[in-house]
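**Q**
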Amino acid sequence: LAAAAEAGGDARGAAEGRRRAGAALRAAIEAAPGDFQLRHDYGLLLWASGDAARARRSFLRAARLYPCCPRPPAALAALLAEAGRHRAALRRYDAARVALARQGDGQARHTRQMQQTGARLFWSLRLA
């Protein structure tokens, strides 16, 4: 809802949608604190809302809860790269790549995307 409101130019509606989504996710996390997907989704919401520090903590918690999933470290890599922390982003990218490799052949598209992201991060670090 927030994204649709924002796309339609309704900033107040978008903010209200994010507020309601945040409240729902916090309540869900309180009910199921060990659910990595809730923590990951909350991190995405926080990041989209401009709260990178809390998003980072949420992604870290999600990664600790389910280390075999590549999504939390991949989100962390993107967040860190956006902040210009390329070395840290490469470490998280590598953790995501390893987790993805453990999942097998069903993730080929994601593997290619992550390889491309890693190559961009590598070259941006080398050129910096």
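Per the working numbering, residue 33 is the first one in the sequence shown, and the count goes up by one each step. Ideal Cβ positions, reconstructed from N, Cα and C, are used throughout, including at glycine.
Could you say which of Gly82, Cys101, Arg89 and Ala84 lies nearest to Gln69 if we only look at CA atoms?
**A** Taking the first residue of the sequence shown as position 1, residue 69 is located at position 37. Of the candidates Gly82, Cys101, Arg89 and Ala84, the one whose C-alpha sits nearest the C-alpha of Gln69 is Cys101.
**Q** Rounded C-beta distance between Ala55 and Leu77? I'm assuming under 8 Å.
**A** As a first step, residue 55 must be located in the sequence shown, where it is residue number 23. As a first step, residue 77 must be located in the sequence shown, where it is residue number 45. 11 Å between Cβ atoms; not a contact.
**Q** Can you give the beta carbon distance from Leu111 to Arg86, rounded, assuming they're within the 8 Å contact cut?
**A** Residue mapping note: residue 111 aligns to position 79 of the sequence shown, counting from 1. Residue mapping note: residue 86 aligns to position 54 of the sequence shown, counting from 1. Actually they are not in contact, since the Cβ atoms of Leu111 and Arg86 sit about 11 Å apart, beyond 8 Å.
**Q** When the Cα of Val130 is compared with those of Leu57, Arg119 and Pro104, which residue comes out closest?
**A** In the sequence shown, the residue the question calls residue 130 occupies position 98. Comparing Cα-Cα distances from Val130 to each of Leu57, Arg119 and Pro104, the minimum goes to Pro104.
**Q** Apart from the five residues just before and just after Ala121, which ones in its own chain have a Cβ nearer than 6 Å to its Cβ?
**A** Start at 1 with the first residue of the sequence shown, and residue 121 comes out as number 89. Closer than 6 Å at the Cβ level, and outside the excluded window around Ala121, lie Ala109, Leu112, Ala113 and Leu153.
**Q** If Gly66 and Leu97 are in contact, beta carbons under 8 Å, what's the gap, nearest whole angstrom?
**A** Numbered from its first residue, the sequence shown carries residue 66 at position 34. Numbered from its first residue, the sequence shown carries residue 97 at position 65. Indeed, because the Cβ distance is near 6 Å, the residues count as touching under 8 Å.
**Q** Between Ala47 and Ile61, what straight-line distance do the alpha-carbon atoms span, to the nearest angstrom?
**A** Counted from its first residue, the sequence shown places residue 47 at position 15. Counted from its first residue, the sequence shown places residue 61 at position 29. One C-alpha to the other measures close to 21 Å.
**Q** Sort Arg50, Ala64 and Ala95 by Cα distance to Gly79 and report the nearest one.
**A** By 1-based counting over the sequence shown, the position of residue 79 is 47. According to the sequence provided, residue 79 is Trp. The question's Gly does not apply to it. For the residues Arg50, Ala64 and Ala95, the minimum Cα distance to Trp79 belongs to Arg50.
**Q** Quick check on the burial criterion: 16 or more other C-beta atoms within 10 angstroms. Buried or exposed for Arg124?
**A** The sequence position of residue 124 within the sequence shown is 92, counting from 1. Counting Cβ neighbours within 10 Å, Arg124 comes out buried, since at least 16 surround it.
**Q** Let me confirm a value: Gly82 is counted as buried when at least 16 other C-beta atoms fall within 10 Å, else exposed. Which label applies?
**A** Here residue 82 is taken as the residue at index 50 of the sequence shown, counted from 1. When all chains shown are included, Gly82 counts as exposed.
**Q** Do His72 and Ala94 come within 8 Å of each other at the CB atom, strictly closer than that value?
**A** Within the sequence shown, numbered from 1, the residue matching residue 94 stands at position 62. Within the sequence shown, numbered from 1, the residue matching residue 72 stands at position 40. A contact, by the Cβ cut-off of 8 Å.
**Q** The alpha helix (DSSP H) with Ala90 in it runs from where to where?
**A** Taking the first residue of the sequence shown as position 1, residue 90 is located at position 58. Checking the displayed sequence, the identity of residue 90 turns out to be Ser instead of Ala. Unbroken alpha helix (DSSP H) run through Ser90: Ala84 to Leu97.
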